[in-house]
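Novice: In the working numbering, the protein residues as written are 3 to 1136. We treat Cβ as the ideally placed atom computed from N, Cα and C, and that holds for glycine. Take this structure first; my questions come after.
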Amino acid sequence: MKLIKDVIALRFKTSESDGVILHGEGQQGDYITLELRKAKLLLQINLGSNQYGSIMGHTSVTTGSLLDDNHWHSVVIERYRRNVNFTLDRHTQHFRTNGEFDHLDLDYELSFGGMPYSGKPVGGGRKNFKGCMECINYNGDNITDLARRKKLDTSSFRNLSFSCVETHTFPVFFNATSFLQLPGRANHNTLSVGFQFRTWNPDGLLLFSNLDDGTLEISLEDGKITVHINATKSARNYRVDLSSGSGLNDGQWHAIRLVAKENFAMLTIDGEEASAVRSTSPLIIATGGTYHLGGYFLQTLFAPSQRSFQGCMQAILVDDQPADLHAVEKGTVGAFENISLDMCAIIDRCMPNHCEHGGRCKQTWDSFSCTCDGTGYTGATCHTSIYEPSCEAYKHLGRSSDTYWIDPDGSGPLGPFKVNCNMTEDRVWTTVVNNLPPKTVITGSSRERRTVLQVNYSASMDQVTAITTSAEYCEQQIAYSCRMSRLLNTPDGTPYTWWVGRGSEKHFYWGGSTPGIQKCACGIDRNCTDPKYDCNCDADSKQWREDSGLLVYKENLPVSQVAIGDTNRPGSEARLTVGPLRCQGDNNYWNAASFTTPSSYLHFATFQGETSADISFYFKTSAPYGVFLENLGNTDFIRLELKSPKMVSFSFDVGNGPVELTVHSATPLNDDQWHRVMAERNVKEAVLQLDQTYRATQLAPAQGHTRLELFSQLYVGAAGGQRGFLGCIRALRMNGITLDLEERAKVTPGVKPGCQGHCTSFGMYCRNGGKCVERYNGYLCDCTATAYDGPFCTSDVGGFFEAGTLVKYNFMPEAVAGASKDAKILTHQLTPQEVNLTREEVVFSFSTSNAPAILMYVSSKTQDNLAVVLRQNGSLQVRYNLGGLKEPFTIDVDQRNLANGQPHSINMSRLDRSITIQLDHYPPVSYSLPEASDTQFNLVKTLFLGKVYETGHVDPVLIERYNTPGFIGCLSRVQFNGVAPLKSALRTTTQTQATPAAGQPDKHPAAASPVSYQGKLVESNCGASPLTIPPMSAATDPWHLDNTDAEFPFNEERVIPDGVNRDSAIIGGIIAVVIFTILCTLVFLIRYMFRHKGTYHTNEAKGSGESAGESADTAIIGTDNPETIDESKKEWFI
């Protein structure tokens, strides 16, 4: 039988938990099996697998629970090709079989009630069905009638009858206040009890008996059966403890048998004698006359702790005799209270399973709980995702570029997955990588037998589609390198190569082109190697060519397959590269609407959230109240509302009466800033959360209605015209689906699409002086006026200085015609009102291993200047000269050697005479200018970094001691009164990519820019974070010396008894200094003589060499006025 369609129907009832109901199989590996397994119905079907294992057709589906209740259950299996409807008691489960085959090929017979043949895939010790079946139909044939009329072979089945024999089980149901008391044989030396039980609770007392002189307890502890026997005989105590089994609180029937006699006890679980637990400890047994079952006792001689058993028992044996429960029911034997006889009211609270997204359901008699570990979801039913929906959301939480888990549909069916998030200044890029190696080689393909390359991604196709659907823009690079391998052009128009995108649709255009145009990028730009063709590879050249470009039509992305068809000729070869999928933006995250009148609202289709509902959105308003959304039913409803300036309410009714949850904020919510609301309601609880800070929870009633039945439209922004919401709502998501507020707002009076004012909530993420700039769908941190870069102005901008490199910034440059707008934006010149300063703010970081050096120098058109230098010993010094003093006022900031290769930061400010300086992480230190000093920095002219090359008056000490050979190291985050000179130099260079001609001294990146630099300047972050722990401050360092000339405090008397040795040491030191000076002079002379050779070394990347620097020096000498300080030959003759 090779069938494309099957319909199987039957009814059954049984008290057994396991048994094969039907089975059929074929020689090709096809099979179908329907069986009871642990009282659940299991359907296994396989329409075919291949011999290599790449196609696996096995499909397994489970439904129902507690089907061994001896009640009739109906089953219908409907299959058409791979689509199956599996119905149990009118509850239908639809699924699609695995594999790629459509026919069920059954070469052998189809058997009902067992497995006469040992099936290959599902055979091996399966129990036959024990119970009753009726109304068996297979593809229109009444199997029951055919078997009764002996039209079918039933010889292989024994004990088959055509009447349903009722079973004789007599279950007893116990609740928390039930007990059953049965009589037994008293004062007997052998104890024998047995029963079957089923329960969900892990603990409970099953049986208790007062022995003649002792007690017996059989209890369930953490899913195990434990037996405690305590007996006393002749003043001697006997105790026996037995334990067996595990997980016996699984709702299935389990059999217990205990036998105890002199010096022997045995506990058997489920009739497995081989695994029975035995004890040969000393024991004397004398039974009592009464046995209590159920764990609840009114009064006993030795009352145990109240550990009530909730569940069912049957087949109770006392002294090896079945208990007469009918007599108990009549009241003639034993006693009972609050039990239900001849029934088992057990309920499987995990069927249907309310735990979502793979959460594991655990239950007790009264309730269930969900374990969400490892699922990526949280909540009482594992409904709410713990991850953000996109990289855009992570950015606006202040996160930096990294790999993140995202969940685009939140509580929807798609699971979370990993992506790379690249947070740039104005965009957020989401990258999903694939498994195709770059330049994959393809040979041996033809138009008749194409090579198909499968492109698999780090996420499923549905997950990737969720990214592209919500993104503003997507792109994917695709490249085809070829040698005698044509790409698109064919005589009949069908291309040699195509790619498959979303929806398994073929596409005949290539990267750089658009849908519907069968061309490559060079065909669009008209610059192909051969003008007759629209692709470079179509020229069929023997040289390597390439067609590459970006695929940007996001509705077609990502690329899932590429079929290549022209690499089978001699010498023909191709290499394919498919880059990662890159998308930017998240339309769902910024989808917003503004409600401008109290009566305005948006309406959508009825919200479908019967047993599980979650709602999340952002709002901002200046109104004191307003209804966010509402959906009504006959009596059921759901509503979210701003009830007062500090209170949000979540109310609903599922038929048990109205329920309201409220959260109170410590600050007003009508502050025109964004606030986030998340509400969830399921069969376990309801939760309301505000700003991830305030939370309210209310448990659902143990008994009652659980389904939320709504019929009206969903209203957003108002409730029947009353208490309408005024403000903005964005990113409204209900059960994982984002509602398109903007699209609906375009056609709704009183509602406008979009919302402005994001900076009021997100502006705090712009650091270090960055300004928040409003955008239609978000905000942007403008770092132009800061010394930082990055999406939040937190990335240091620095540069590596070689010997002789300097940056020069003119505060009042002459205007140059044709200056670009970008150049003006990148720089900031002080206005005439700002050039006379009474305050300065200086911040920068540096690292170097060379001293002395000038870090920063600010000159003026007068004699005023400011310098920050490293002295010969590596200590930091600040020099102020504001007039009124004969010598500059100097501040030795720290005596430690800061030229240690580690990054150091300095933060300095001056207001009139008061100067405050902070070095690294140490506390700020205050200084004061002398009374004779002026307090105004007059006519600020130029700022230098690294070296001074200035006209006019310059502090001669700076030139003689610190200016040669210049600063060698790294400077970063340099800022002076709102000006970032180093960043301006680096950024303007990057924008213009200007390369000076030979002979030009300064590199002017932009014509109107006030910034220029000399020498080689390489951008670097300079190790923004310290690499080692800084040394202790002077206050806490016991070995710190107040000045570098002080001697180490050892015992001088014992080492230097007189002054002779001290004088000799002084003379030796002078000689050493003279020799060192001569050697240094020789080194500088040799370096000067060979300066044209260009032999200098640095660890940074090399540029054009020293010749460029020499030309710069020559040009400066030729163009500056005669007062320019010249460190050339004239200086060496002095």
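With the cut-off set at 8 Å, would you say glutamine 865 and valine 871 are in Cβ contact?
Specialist: As a working mapping, residue 865 is identified with position 863 in the sequence shown. As a working mapping, residue 871 is identified with position 869 in the sequence shown. No. Outside cutoff.
Novice: Excluding the 5 residues preceding and the 5 following arginine 351 in the sequence, name in chain order all residues of the same chain whose CB lies nearer than 6 Å to its CB.
Specialist: Counting from one through the sequence shown, the residue named residue 351 turns up at place 349. Around arginine 351: Gln365, Phe370.
Novice: From the DSSP output, in three-state form, read off leucine 193 for me.
Specialist: As a position in the sequence shown, residue 193 is number 191, starting the count at 1. If DSSP states are grouped into helix, strand and coil, leucine 193 belongs with the strands.
Novice: Cutting at 6 Å between CB atoms, please list the residues of its own chain near isoleucine 617, excluding the five before and the five after it.
Specialist: Within the sequence shown, the letter at position 615 stands for residue 617. Counting only residues of its own chain and dropping the five nearest sequence neighbours on each side, isoleucine 617 has a CB closer than 6 Å to the CB of Ala681, Met736.
Novice: Using alpha carbons as the reference points, say which of Glu18, Pro440, Lys508 lies closest to threonine 579.
Specialist: On the sequence shown, position 577 is the one that residue 579 refers to. Answer by Cα proximity: Pro440.
Novice: Would you report the Cα separation of leucine 583 and proline 560, rounded to the nearest angstrom?
Specialist: As a working mapping, residue 583 is identified with position 581 in the sequence shown. As a working mapping, residue 560 is identified with position 558 in the sequence shown. Approximately 7 Å between the Cα atoms of the pair.
Novice: When DSSP builds the beta bridges, which residues end up paired with histidine 75?
Specialist: As a first step, residue 75 is located in the sequence shown; it is residue number 73 there, counting from the start. Phe14, per the DSSP bridge assignment.
Novice: Determine the DSSP secondary structure at isoleucine 917, reduced to helix, strand or coil.
Specialist: In the sequence shown, residue 917 corresponds to position 915, counting from 1. DSSP places isoleucine 917 in strand when its eight states are reduced to three.
Novice: Consult DSSP for cysteine 757 and reduce its assignment to one of helix, strand or coil.
Specialist: Taking the first residue of the sequence shown as 1, we reach residue 757 at position 755. Coil.
Novice: Quick one: residues in its chain with C-beta nearer than 6 Å to the C-beta of leucine 319, no 5 flanking neighbours on either side, listed in chain order?
Specialist: The residue given as residue 319 occupies position 317 in the sequence shown. Cβ within range, chain order: Gly196.
Novice: Alpha carbon to alpha carbon, how far is glutamate 744 from leucine 631?
Specialist: As a first step, residue 744 must be located in the sequence shown, where it is residue number 742. As a first step, residue 631 must be located in the sequence shown, where it is residue number 629. Their Cα atoms are separated by approximately 16 Å.
Novice: Between the alpha carbons of glutamine 456 and valine 564, how many angstroms are there, rounded?
Specialist: By 1-based counting over the sequence shown, the position of residue 456 is 454. By 1-based counting over the sequence shown, the position of residue 564 is 562. A direct Cα-Cα distance of roughly 7 Å separates glutamine 456 from valine 564.
Novice: Who are the near neighbours of arginine 873 in its chain, counting only those whose CB is closer than 6 Å to its CB and skipping five residues on each side?
Specialist: The residue labelled residue 873 in the question sits at position 871 within the sequence shown. Around arginine 873: Pro854, Gln879.
Novice: Quick one: Cα of serine 113 to Cα of histidine 25, how far?
Specialist: Stepping through the sequence shown from its first residue, residue 113 is reached at position 111. Stepping through the sequence shown from its first residue, residue 25 is reached at position 23. So the alpha carbons of these two residues sit roughly 5 Å apart.
Novice: Spatial neighbours of leucine 5 within its chain, please: CB distance less than 6 Å, with the 5 preceding and 5 following residues excluded, ordered by chain position.
Specialist: Against the sequence shown, residue 5 aligns to sequence position 3. Within the same chain, leucine 5 has close Cβ partners Leu106.
Novice: Of the choices Lys985, Glu331, Thr599, whose alpha-carbon is the least far from that of phenylalanine 846?
Specialist: Position 844 of the sequence shown, counted from the first residue, corresponds to residue 846. Checking every option, the nearest Cα to that of phenylalanine 846 belongs to Lys985.
Novice: Please state whether the Cβ-Cβ distance between aspartate 70 and glutamate 136 is less than 8 Å.
Specialist: Position 68 of the sequence shown, counted from the first residue, corresponds to residue 70. Position 134 of the sequence shown, counted from the first residue, corresponds to residue 136. Not a contact, by the Cβ cut-off of 8 Å.
Novice: Is there a C-beta anywhere in chain B that falls below 8 Å from the one on cysteine 539?
Specialist: The structure shown contains no chain B; it is built from a single protein chain.
Novice: In whole angstroms, what is the alpha-carbon distance linking proline 660 and phenylalanine 175?
Specialist: As a working mapping, residue 660 is identified with position 658 in the sequence shown. As a working mapping, residue 175 is identified with position 173 in the sequence shown. Those two C-alpha atoms are separated by around 34 Å.
Novice: Going by Cα to Cα distance, which pick from Lys397, Ser851, His356 is closest to alanine 382?
Specialist: As a first step, residue 382 must be located in the sequence shown, where it is residue number 380. Nearest of Lys397, Ser851, His356 to alanine 382, Cα basis: His356.
Novice: Kindly confirm or deny that the region 694 to 704 and the region 664 to 676 touch, where touching means at least three C-beta pairs closer than 8 Å.
Specialist: yes
Novice: Taking contact to mean at least 3 C-beta pairs separated by less than 8 Å, is the region 747 to 760 in contact with the region 776 to 789?
Specialist: Judged by Cβ distances under 8 Å, the region 747 to 760 makes contact with the region 776 to 789, as three or more pairs qualify.
Novice: Are the Cβ atoms of threonine 179 and glycine 313 separated by less than 8 Å?
Specialist: The residue labelled residue 179 in the question sits at position 177 within the sequence shown. The residue labelled residue 313 in the question sits at position 311 within the sequence shown. Taking 8 Å as the cut-off, the beta carbon of threonine 179 is found no closer than this to the beta carbon of glycine 313.
Novice: Going by DSSP, what residues sit across from tryptophan 407 in a beta bridge?
Specialist: On the sequence shown, residue 407 is found 405 positions in, with the first residue counted as 1. Tryptophan 407 is bridged to Lys420.
Novice: Which residue comes first and which comes last in the alpha helix (DSSP H) that contains aspartate 464?
Specialist: Along the sequence shown, read from residue 1 onward, the residue named residue 464 stands at position 462. Residues 463 to 472.
Novice: Can you say whether methionine 858 is buried or exposed, counting buried as having 16 or more other CB atoms within 10 angstroms of its CB?
Specialist: The count along the sequence shown starts at 1 and reaches residue 858 at position 856. Buried: at least 16 other Cβ atoms inside 10 Å.
Novice: Identify every run of the beta strand (DSSP E) within the region 661 to 746, keeping only runs that are complete inside it and at least 3 residues long; order them along the chain.
Specialist: 661 to 666, 677 to 684, 687 to 692, 696 to 701, 716 to 718, 729 to 736
Novice: Report yes or no: do the region 708 to 727 and the region 604 to 621 share at least 3 C-beta pairs separated by less than 8 Å?
Specialist: yes
Novice: Does the Cβ of tyrosine 475 have 16 or more other Cβ atoms within 10 Å, making it buried, or fewer, making it exposed?
Specialist: Residue numbering aside, residue 475 sits at position 473 when the sequence shown is read from its first letter. By the neighbour-count rule (16 or more Cβ atoms within 10 Å), tyrosine 475 is not buried but exposed.
Novice: In angstroms with no decimal places, state the Cα-to-Cα distance between threonine 599 and lysine 754.
Specialist: Counting from 1 along the sequence shown, the entry for residue 599 is found at position 597. Counting from 1 along the sequence shown, the entry for residue 754 is found at position 752. Cα to Cα, threonine 599 sits roughly 10 Å from lysine 754.
Novice: Contact between the region 88 to 108 and the region 131 to 145: three or more CB pairs below 8 Å?
Specialist: The region 88 to 108 and the region 131 to 145 do not touch, with fewer than 3 CB-CB distances between them shorter than 8 Å.
Novice: Who are the near neighbours of leucine 45 in its chain, counting only those whose CB is closer than 6 Å to its CB and skipping five residues on each side?
Specialist: In the sequence shown, residue 45 corresponds to position 43, counting from 1. Closer than 6 Å at Cβ, skipping near neighbours: Leu36, Val63, Phe88.
Novice: Could you please give the first and the last residue of the uninterrupted alpha helix (DSSP H) stretch that includes tyrosine 535?
Specialist: Within the sequence shown, the letter at position 533 stands for residue 535. Premise fails: tyrosine 535 is in no alpha helix (DSSP H) and is neither H nor E.
Novice: Which term fits histidine 906, buried or exposed, when burial requires 16 or more other beta carbons within 10 angstroms of its beta carbon?
Specialist: Counted from its first residue, the sequence shown places residue 906 at position 904. When all chains shown are included, histidine 906 counts as buried.
Novice: Sorted by chain position, which residues of the same chain lie with C-beta nearer than 6 Å to leucine 218's C-beta, five sequence neighbours on each side aside?
Specialist: Your numbering for residue 218 matches position 216 in the sequence shown. Only Ser211, Ile231 meet the Cβ criterion.
Novice: Nearest by alpha-carbon distance to asparagine 1137: which of Met58, Val78, Ala41 is it?
Specialist: The requested residue 1137 does not occur in the structure, where the chain is confined to residues 3 to 1136.
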